[in-house]
Structure formats: structure tokens, C-alpha cells
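What follows is a single structure, written as C-alpha cells, with notes after it.
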Amino acid sequence: MFMTSLFSDLTEEDKSKAVKDLIHESMPRPSFFLLIGLSVLMATFGLALNNSAVVIGSMLIAPILSPILSLSLGIVMSDSSLLMRSVRTLFLSSALGVGLAAVSTLFLSNPFGAEVMSRTLPSLIYFSIAFVAGFAVAFARVNPTMSDTIPGIAVSVSLIPPLAVIGMGIARLNWAITSGAFLLFLTNIVGIVFATMIVFSLMNFYIKRSVATATLQEEIRTQQLETKEKDEE
99 MFMTSLFSDL
109 TEEDKSKAVK
119 DLIHESMPRP
129 SFFLLIGLSV
139 LMATFGLALN
149 NSAVVIGSML
159 IAPILSPILS
169 LSLGIVMSDS
179 SLLMRSVRTL
189 FLSSALGVGL
199 AAVSTLFLSN
209 PFGAEVMSRT
219 LPSLIYFSIA
229 FVAGFAVAFA
239 RVNPTMSDTI
249 PGIAVSVSLI
259 PPLAVIGMGI
269 ARLNWAITSG
279 AFLLFLTNIV
289 GIVFATMIVF
299 SLMNFYIKRS
309 VATATLQEEI
319 RTQQLETKEK
329 DEE
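Numbering (my numbering), first residue to last: 99 to 331.
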């Protein structure tokens, strides 16, 4: 009974708002990519300095969890448009992060310290951490009283550092580091997606598919209008 009430105490308004916010925050806006770029650069420098505090700070400013959550939402709702849009945003932000990390690493000397090497050894434990963090972030993200816990969860799941290490490995043509970091990054994403799908299913988010479709169309129209206005200037 406790578990049932835990996932059913959200109002329909709360669910609709959560869907709208998730889609809005996962759209490929310039501000979104700016924060991704800054967080990856910060992570790259922190990793090169072997400074865990800087690495943790980089995770706090990264919005990369948003497209992953909307990807899970798209799967649960069987909404191909939302799914493809989320995958596109995640791919572009990841490519940007890897590129910036690679370029910045070219100007660094001896960047491969303990902080870097710890992001090249994926294991079942990392998947478990990503699963637990994904479950927590999905639950907190849709619950209007728990949004303050999200930054801490973002730190625990650790997505940005492996992304930075991929770029660092590419810059130095170290394929062992590159492949290890990529597998860790992929492991984290799979764990988060799997967990958030469970949460969204238990909260019966499928019934909000019409809200998701309308919100996505509105966001696309808004972006097209903004692009048109910029072109006319």
C-alpha cells in the first residue's frame, strides 16, 4: 500500500507540468549547449588537475540529464517524435562535449591522473549507481516538493566526467582510455534510462501523451519562429 501511494499521490496537473518542463528543458537551445560546453571544459580542467572538487562542480551545471529523462518519457509514451528529438539533443550535446574536451586537452600536459583513470573502468557497480540515481532523479523531478535534491543526484550519477575523458583520450590517441570512458558513459545512460522508465510507468505517464505531443509541437514552432526572426535581422 505504501508503494502504491508513493507513485500515485501526484495530481494530474503535477504530471502535466512535469511532462511540459521535461520537454522544455531538453530542447536543443543555444543556452543548453552553452552549459554543456562549459561543464565539459570545467570537468576536463578538473580531471587534468586531478581535482575532485572542480570535477564535482562541473556536474552541477550540466543539464545533460534532461534529454535522457525525456528519452525515457518518449519510450514509455511510445512517442517516436519525442524519442528522436531527445536522442538528437543527447547526441549533439555529447558530440559537442567530446569535441571541446579533445581540443582543450591538446593544450594540457600530462592530463591522465587518477581522476581520469577512475572514469575508464566500467562495471556492474557503476550501472547500479546509475540505476539508483536515475530512479531518484525521475521521482524527484516530477515531484514538485523535491526539486532541491536534483543537483546532488546529478553529482552521484557522473555523466559529464566520462564524456570529458572520451575527448581527452581521443586528443592523445589513447584508445584504451577512450573506449573505457565511452563504455562507462553508455553504462550510466542505460542505467538511468532503465530506472526512469520504471518510475514513469509506475506513475502512469502514458496517459499524458497528448500533453507531450502538444508541448513538443509548441516548442518546435517556437524555435522555428526564433530562428526566422534571427535570419530576418
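Virtual Cβ for every residue (Gly too), placed ideally from N, Cα, C.
Can you tell me whether Q286 is buried or exposed, with buried defined as 16 or more other CB within 10 angstroms of its CB?
-> Position 188 of the sequence shown, counted from the start, is the residue given in the question as residue 286. The amino acid occupying residue 286 in the given sequence is Asn; Gln does not appear at that position. Its Cβ being crowded by 16 or more others within 10 Å, N286 is buried.
Nearest to M295 (by Cα), restricted to the options S191, I258, L198 and V235 = Residue numbering aside, residue 295 sits at position 197 when the sequence shown is read from its first letter. Considering only alpha carbons, the answer is V235.
Hey, how far is the Cα of T247 from the Cα of S256?
-> One-based indexing of the sequence shown puts residue 247 at position 149. One-based indexing of the sequence shown puts residue 256 at position 158. With a pLDDT of only 49 at T247, under the threshold of 50, the placement of this residue in the model should not be trusted; the figure read from the coordinates follows. So the two alpha carbons sit approximately 15 Å from each other.
Any alpha helix (DSSP H) of 4 or more consecutive residues that is wholly inside the segment 197–244 | 212–215 and 222–240
Leaving out five residues on either side along the sequence, give the residues of the same chain with a beta carbon under 6 Å from the beta carbon of M152.
-> The sequence position of residue 152 within the sequence shown is 54, counting from 1. For the sequence presented, residue 152 should be read as Val rather than Met. Closer than 6 Å at the Cβ level, and outside the excluded window around V152, lie G144.
Would you kindly check if the distance between the Cβ of I121 and the Cβ of S168 is under 8 Å?
-> On the sequence shown, position 70 is the one that residue 168 refers to. On the sequence shown, position 23 is the one that residue 121 refers to. Yes. Within cutoff.
Which residues in the same chain as L198 place their Cβ atom closer than 6 Å to its Cβ, once the five residues preceding and following it in sequence are excluded?
-> In the sequence shown, counting from the first residue as 1, residue 198 sits at position 100. Around L198: G135, V138 and L139.
Cutoff 7 Å; reference V185; Cβ partners in own chain excluding five residues on either side = Within the sequence shown, numbered from 1, the residue matching residue 185 stands at position 87. Here the set comprises L169.
Does the separation of the CB atoms of A231 and P260 fall below 8 Å?
-> Here the question's residue 231 lines up with position 133 in the sequence shown. Here the question's residue 260 lines up with position 162 in the sequence shown. No, they are not a contact pair.
Which residues mark the beginning and the end of the alpha helix (DSSP H) in which A293 is found?
-> Residue mapping note: residue 293 aligns to position 195 of the sequence shown, counting from 1. It spans W273 to L300 - the alpha helix (DSSP H) in which A293 sits, taken as one unbroken run.
Exposed or buried, which one is E213 when buried takes at least 16 other CB atoms within 10 Å?
-> Residue 213 sits at position 115 when you count from the first residue of the sequence shown. With 16 or more Cβ atoms within 10 Å of its Cβ, E213 is classed as buried.
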